[in-house]
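Working notes, beginning with the structure itself.
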Amino acid sequence: MTLIAQLQAAVGAAHVLTHDDPSTDLSAWEQDWRKRAHGRALAVVRPGNTAEVASVVKACAAAGASIVPQGGNTGLVVGGVPDNSGTQVLLSLTRLNRVRAIDSANLTMTVDAGCVLQNLQTTATEAGFLFPLSLAAEGSCTIGGNLATNAGGTQVLRYGNTRDLCLGLEVVTAQGEVWEGLSGLRKDNTGYDLRDLFIGSEGTLGIITAATLKLYPQPAAKLTAWAAVPSMQAAVDLLGLAQQRLAAGLTGFEVMGQFALGLVDKHFAQLRVPLWQDTPYCVLLENSDFESEAHARALFESLLETAFEQGTVTDAVVAENLTQAKGLWHIRESIPLAQAEEGLNIKHDISVPVSRIPAFCEATDAELQAAIPGMRLVNFGHLGDGNLHYNVQAPEGVDGKAFLREQEERINTLVFDAVARFDGSISAEHGVGSLKRDKLPHYKNPVALGLMRAIKAALDPKGLMNPGRVI
Ligand SMILES: Cc1cc2nc3c(=O)[nH]c(=O)nc-3n(C[C@H](O)[C@H](O)[C@H](O)COP(=O)(O)OP(=O)(O)OC[C@H]3O[C@@H](n4cnc5c(N)ncnc54)[C@H](O)[C@@H]3O)c2cc1C
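So the sequence shown is numbered by the numbering used here: it starts at -4 and just counts up by one.
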């Protein structure tokens, strides 16, 4: 039997798509979200349950075919699309989309890996709970992809990364065995934490087929404020004040540079960006209150009053209702789209300790401006987590494609060297994929890299799980 015939036997012929049929368009699976890579798969295989995933992996292992797992294909580091060889099997998990169980007393839900994040948020809400993972791609990304990349998003400040929201996993190993680790335990010290190995491994160690996730109580009220701040240092000072006053109620703290907001204003004028014209940065704060809306509003007002007195805020608006709050978040989430409208750009998803962000920005902004006079900086991100999307757009009038071709390597080196000097990470939340793989040997501790290679060799000795990614 050929590999294709075995795959068809495993999942049904209708769920094995190949280029043999010229009417089948595989580009949705073969091209990444940013359209930076377009590969060619031997086949796109769409299993419907864990047993089928295991059969696919076994067949591929026996044939020596490598596997690229894929969820919603919203990843930003070219990790979930095949290479150009035409030999890789693209394993799409999106048909694994059942919510298996909700345990209200244990505050957990157990779900298939292909569930779309937004659907899980809704499931949790309908059950009277909160599943706090939230990011702009939530309408398409899957929880399996979120786990595989250890996604961050806008609520990390209070609830942590995806890793912190997961108690158990079900994984198909590189040999096609099923590890049933769907424990809902908050305490289990029986050896190495296998769950934490697979989370963030970007499909290079095994296929995540299901997860047991933490649920939280719904807050009584959520309030959002938008404030103009005179500097990045003022933004950091405001963060400190907000943490002190709101404590665990502070569930979001985003920073947005003036140029980034100007792009939203230019390309999506209907969104009406507030307060951006006369200030270098704006911040978006979210206060989740477990008492009442009135309590949340009183806390916010007192916080902003002190911030005005201290000079960390020069102007502010507090959303009057949920619609206004959603409008403010929508502006924040539209920055990447506005940036894409403006043209190609060089993206950096970096983190440095919050306390060092102002100095990092001052030094690196100046270095970039000196290296490429007129370059435009789209600086925004999850300041509460020390995570900036520190993106570089070509000078006005310069062709984006040519800019990338000629400057990307140089700019990356400049920014990553600065990140290293400030004890940061060159990938805060998007992962490594193939885009940053070659950078790791330079910026990752060599002992850590050696341990990572040893883990990869032990779990996937044939190197068939998403090869060429991460390490
Ligand atoms: C508009 C936009 C906004 C975004 N905002 C954020 C943000 O705020 N924070 C953030 O962290 N990310 C963000 N991202 C990046 C992206 O959404 C996340 O990386 C997301 O977690 C990927 O999920 P996915 O299902 O689309 O995975 P995919 O893109 O399909 O895959 C991502 C990686 O995971 C692997 N993988 C996927 N599923 C599995 C599985 N079941 N088992 C093993 N490996 C698997 C793939 O091989 C690949 O390496 C954003 C992306 C977009 C387009």
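For each residue, glycine too, the CB sits at the ideal point set by N, CA and C. Remember, predicted model here, so these are calculated numbers, not experimental data.
Could you give the residue range of the beta strand (DSSP E) that holds residue i?
i    : result
R95  : 94 to 98
E165 : 161 to 168
I202 : 201 to 209
G75  : G75 -> no beta strand (DSSP E), and no H or E assigned at all.
A470 : Outside the modelled stretch of the chain, which goes from -4 to 466, sits residue 470, for which no answer is possible.
W174 : 173 to 176
A38  : 38 to 40
If I follow the unbroken alpha helix (DSSP H) through residue i, where does it start and stop?
i    : result
R405 : 395 to 416
M251 : Per DSSP, M251 belongs to no alpha helix (DSSP H); it is in the beta strand (DSSP E), 245 to 252.
V151 : 151 to 154
Q265 : Premise fails: Q265 is in no alpha helix (DSSP H) and is neither H nor E.
Q272 : Segment: none, Q272 is in no alpha helix (DSSP H) and carries neither H nor E.
V231 : 227 to 241
H437 : 435 to 438
P441 : 441 to 454
T318 : 317 to 328
I352 : 352 to 366
L180 : Segment: none, L180 is in no alpha helix (DSSP H) and carries neither H nor E.
V465 : Counting along the chain, V465 falls outside any alpha helix (DSSP H), and DSSP gives it neither H nor E.
Shorter than 7 Å from the beta carbon of residue i to some beta carbon of chain D?
i    : result
D232 : Of the chains in the structure shown, none is chain D; there is only one protein chain.
From the DSSP output, which residues share a beta bridge with residue i?
i    : result
A222 : V278, A311
R371 : Q388
S422 : D344
P64  : L86
T137 : V111
P212 : F124
D284 : A216
H33  : Q26
T103 : D98, K209
G376 : V250, L383
V11  : V40
M460 : I62
Which whole-angstrom value describes the C-beta separation of residue i and residue j, a residue pair presumed to lie in contact below a C-beta threshold of 8 Å?
i    : j    : result
S129 : T149 : 5 Å
L218 : A314 : 7 Å
M251 : F375 : 4 Å
H377 : V151 : 6 Å
A54  : A5   : 6 Å
P500 : T274 : Since the first residue shown for the chain is -4 and the last is 466, residue 500 is missing from the structure and cannot be characterised.
F417 : R464 : With 8 Å as the limit, F417 and R464 do not qualify as a contact, their Cβ atoms being about 27 Å apart.
L270 : W221 : 7 Å
G70  : D27  : 7 Å
A119 : I203 : Actually they do not touch by this definition, with Cβ atoms about 19 Å apart.
L241 : L294 : 6 Å
P64  : L86  : 5 Å
I345 : A423 : 6 Å
G179 : T89  : Not a contact, Cβ separation roughly 25 Å.
N382 : G147 : 7 Å
K451 : T199 : 6 Å
F248 : G379 : 4 Å
A205 : T45  : 7 Å
S287 : A230 : So it is not a contact: roughly 28 Å between Cβ atoms.
Comparing alpha-carbon positions, which option in the options lies nearest residue i?
i    : options                : result
A358 : N156, E249, V414       : V414
N141 : E337, T105, N68, F303  : N68
V393 : V6, I367, R416         : I367
M370 : L180, T207, F254, V106 : F254
L279 : E288, H262, L299       : L299
L21  : C277, L2, G81, L71     : G81
G428 : V231, G195, V51, G123  : G195
L192 : T13, P456, L446        : L446
T408 : L332, A58, I341, V167  : I341
K396 : K431, G147, I421, A335 : A335
T105 : R267, A230, L208       : L208
V73  : K451, E197, E337       : E197
G34  : R292, W24, G379, S329  : W24
E467 : V48, G419, D183        : Since the first residue shown for the chain is -4 and the last is 466, residue 467 is missing from the structure and cannot be characterised.
L339 : E328, E401, T301       : E401
A57  : N461, K457, Q213, R327 : K457
V410 : D360, V259, D16, D433  : D360
D98  : A122, I466, S61        : A122
L12  : L(-2), V40, Q1, K30    : V40
Q116 : P212, L2, S420         : P212
G155 : Q239, P436, A243       : A243
Q228 : D188, G257, A302       : A302
With a threshold of 6 Å, establish whether the CB of residue i neighbours any heavy atom of ligand 2.
i    : result
P331 : Of the ligands this structure carries, namely ligand 1, none is ligand 2.
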